[in-house]
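Colleague: Right, I'll just put the structure down here and ask away after.
There are 2 protein chains.
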Amino acid sequence: MTEIKDKSIQEFLDELASKQATPGGGSAAAVLGAQSAALISMVCNLTIGKEKYAGVEEDMKSLLKQSELLREELTAMIKADVDVFDKLMASYGLPKNSDEEKQLRSVQIQTVLKEATLIPLECAKACAKTIELSRIAAEKGNTGVISDAGVAVMSGFSGLKSAALNVYINAGSIKDKKFADAALADLKKLMDGADAQTEEVYQIVKAKL
Amino acid sequence: MTEIKDKSIQEFLDELASKQATPGGGSAAAVLGAQSAALISMVCNLTIGKEKYAGVEEDMKSLLKQSELLREELTAMIKADVDVFDKLMASYGLPKNSDEEKQLRSVQIQTVLKEATLIPLECAKACAKTIELSRIAAEKGNTGVISDAGVAVMSGFSGLKSAALNVYINAGSIKDKKFADAALADLKKLMDGADAQTEEVYQIVKAKL
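As you go down the protein sequences, you meet chains A and B in turn. The opening position of the first sequence corresponds to residue 0 in numbering that gives the first Met the number 0, with each subsequent residue numbered one higher. The opening position of the second sequence corresponds to residue 0 in numbering that gives the first Met the number 0, with each subsequent residue numbered one higher.
Have a look at this one:
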C-alpha cells in the first residue's frame with residue numbers, strides 16, 4: 000500500500016474527507032506540523048547565502064538543521080498515527096469468549112492505548128518545537144519571505160492543538176492512572192502559553208510586512 | 000508541469016522547504032483550509048446513515064455539501080496562489096528603459112497586485128467559513144469522530160491567519176487606497192473574533208471527548 004506521504008495532496012484530502020476511519024485528525028495534525036517545519040526551512044534556505052543576512056548565516060544554518068530534523072520526524076508521524084489506530088482497532092477486535100480471552104484482550108488494548116497516547120504526545124512536542132523555531136525564523140530570517148514564518152507558526156500551533164485532542168482521547172481510556180496523568184501533565188506543559196507565544200511570533204511577522 | 004495538488008505530500012513539503020519561491024505560504028494557507036474542509040466532510044460522512052444520528056441526518060447532508068464545495072474552492076487556491084505570484088514577478092520584471100515602459104510596468108504591477116490581494120482574501124473568506132462549519136460538525140456530528148471537528152477548526156483558523164498575511168503584504172503596495180482599504184476592511188471583519196470562535200469550537204469538542 001502506498002504510504003500517505005507518497006500520495007498526492009488531492010488523494011490525501013479525498014481520503015481524509017471519506018468515510019474511511021483513516022487517515023484522520025491524527026495524521027492531519029502531523030501534516031500541519033510537517034508543513035510548519037518545511038516553511039521554517041524555506042525561510043532559512045532563502046536567507047542563507049544572502050550578503051545582507053551574513054550576520055545571521057550561522058544561526059540560520061543551525062535553525063535549518065533543526066527544522067529539517069523536525070520535518071522528517073513529523074512526516075513519519077503521518078503514518079505512525081494510522082498504524083497505531085489500526086493496531087488499536089485490531090486489539091478491540093480480539094475475541095472475548097472466555098475470561099482468559101477477555102483478560103488478554105484488555106491487556107492488549109491497554110498496551111496499545113499507551114502507544115496511541117505517546118504518538119500524538121510526540122507529535123505535540125514536535126509541533127511545540129516548531130513554534131519556538133518559527134520565532135527564530137521570524138526574528139532573523141530574510142524579511143522578503145518573513146510571512147512564511149507567520150504561516151509556519153500558525154501551522155505548528157494548529158498541529159499542537161490537534162495532536163492534543165488525540166492525547167486526551169486515548170489517555171482518558173488508560174487504566175494506569177500514573178501513566179495517563181504523566182502524559183497529560185507533559186501535554187499541559189506544551190500547551191501552557193502556546194497561544195500567547197504563537198500570537199507573539201505572528202505579531203513579529205506582521206510588524207515586518 | 001504537475002499541478003501542486005497532484006504532487007505527493009512529500010514532494011510538496013520538499014518544494015515548500017526549498018529555496019524555490021513557490022509554493023510558499025499562500026499555497027500552504029490554502030492547504031490548511033482544504034484540510035479543514037476535508038475533515039468536516041469526514042465527520043459528516045461518518046455521521047450520515049447512522050441510526051443514532053438520524054435526527055441530524057439532513058443537517059449533516061447540507062453541511063457536507065457546503066464543506067465539499069469549500070474543499071474544491073480551497074484546493075483550487077493552492078494553484079491560484081502560485082499563478083498570481085508568478086504573474087506578479089513577471090510584471091516586476093517588465094522593462095523600464097523609457098518613461099512609457101516605466102508607466103506600463105507600473106500599471107501592470109498595480110493591476111496584478113489587486114489580483115494578488117483578492118486571491119488570499121478569498122482564501123481567508125473560505126477559511127473563516129470552515130470555522131463556522133466546524134462548529135456545526137462539533138455540535139451535531141458523531142461523537143466517535145468529534146476530535147476531527149477540533150482538528151478542522153484549528154486547521155481552518157491557521158489557514159485564515161496565514162492567508163491574511165498575504166493580504167496585508169499585497170494591499171500594502173497598492174496605490175489605489177480605496178481598493179486597498181476595502182480589502183483590509185473585509186479582512187478585518189473575517190479576523191475579528193475568529194480566535195474566540197475557534198477556541199469555542201475547540202472547547203465544544205474537548206468537552207465531548
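Here a beta-carbon is modelled for each residue, glycine too, at the ideal position from N, C-alpha and C.
I need the boundaries of the alpha helix (DSSP H) containing Ile-8(A), first residue and last residue.
Modeller: Ile-8(A) -> alpha helix (DSSP H) spans 8-16.
Colleague: Does the Cβ of Asp-85(A) have 16 or more other Cβ atoms within 10 Å, making it buried, or fewer, making it exposed?
Modeller: Asp-85(A) should be labelled exposed.
Colleague: Does the distance between the C-beta of Ser-161(B) and the nearest non-hydrogen atom of the ligand HEM fall short of 7 Å?
Modeller: This structure does not include the ligand HEM; it has no bound ligands of any sort.
Colleague: May I ask you to verify whether the stretch 88-106 of chain B touches the stretch 159-170 of chain B, counting CB pairs closer than 8 Å and requiring at least 3?
Modeller: The answer is no - the stretch 159-170 of chain B does not touch the stretch 88-106 of chain B, with fewer than three Cβ pairs under 8 Å.
Colleague: For a quick check, are the C-beta atoms of Cys-122(B) and Leu-73(B) less than 8 Å apart?
Modeller: Yes, the Cβ-Cβ distance between Cys-122(B) and Leu-73(B) is below 8 Å.
Colleague: Buried or exposed: where does Asn-141(A) fall if 16 or more other Cβ atoms within 10 Å of its Cβ makes it buried?
Modeller: Label assigned to Asn-141(A): buried.
Colleague: What residues of chain A sit near Asp-5(B), judged by a beta carbon separation below 8 Å?
Modeller: Under the 8 Å cutoff, chain A gives Ser-7, Ile-8, Gln-9.
Colleague: Measure the beta-carbon distance from Ser-133(A) to Met-153(B) and round it to whole angstroms, keeping in mind my assumption that it falls under 8 Å.
Modeller: Not really, about 16 Å apart at Cβ, beyond 8 Å.
Colleague: By DSSP, does Met-190(B) sit in helix, in strand, or in coil?
Modeller: In the structure shown, Met-190(B) sits in a helix (DSSP, three-state: H, G or I).
Colleague: Along chain B, which residues have their Cβ under 9 Å away from the Cβ of Thr-129(A)?
Modeller: By Cβ distance, chain B contributes nothing, its closest Cβ being about 12 Å from Thr-129(A), past 9 Å.
Colleague: Give a yes or no on whether the C-beta atoms belonging to Thr-129(A) and Val-81(A) are separated by under 8 Å.
Modeller: No; because the gap between Cβ atoms is not below 8 Å, this pair is not in contact.
Colleague: Does any CB atom of chain A fall closer than 8 Å to the CB of Ser-172(B)?
Modeller: Answer no: the Cβ-Cβ gap between Ser-172(B) and chain A never drops below 8 Å.
Colleague: Give the DSSP-derived three-state secondary structure of Lys-49(A) in the structure shown.
Modeller: Correct three-state label for Lys-49(A): coil.
Colleague: Using a Cβ cut-off of 8 Å, pull out every chain B residue sitting near Phe-178(A), in sequence order please.
Modeller: Within chain B, no residue comes near Phe-178(A); the closest Cβ sits about 18 Å away, beyond 8 Å.
Colleague: Alpha carbon to alpha carbon, how far is Leu-38(A) from Ala-193(B)?
Modeller: For Leu-38(A) and Ala-193(B), the distance between alpha carbons rounds to 23 Å.
Colleague: Could you check whether Lys-160(B) and Lys-78(B) sit closer than 8 Å to each other, using their CB atoms as the reference points?
Modeller: Contact: no.
Colleague: So, does the CB of Leu-68(B) fall closer than 8 Å to a CB anywhere in chain A?
Modeller: It does not: the Cβ of Leu-68(B) has no partner Cβ on chain A nearer than 8 Å.
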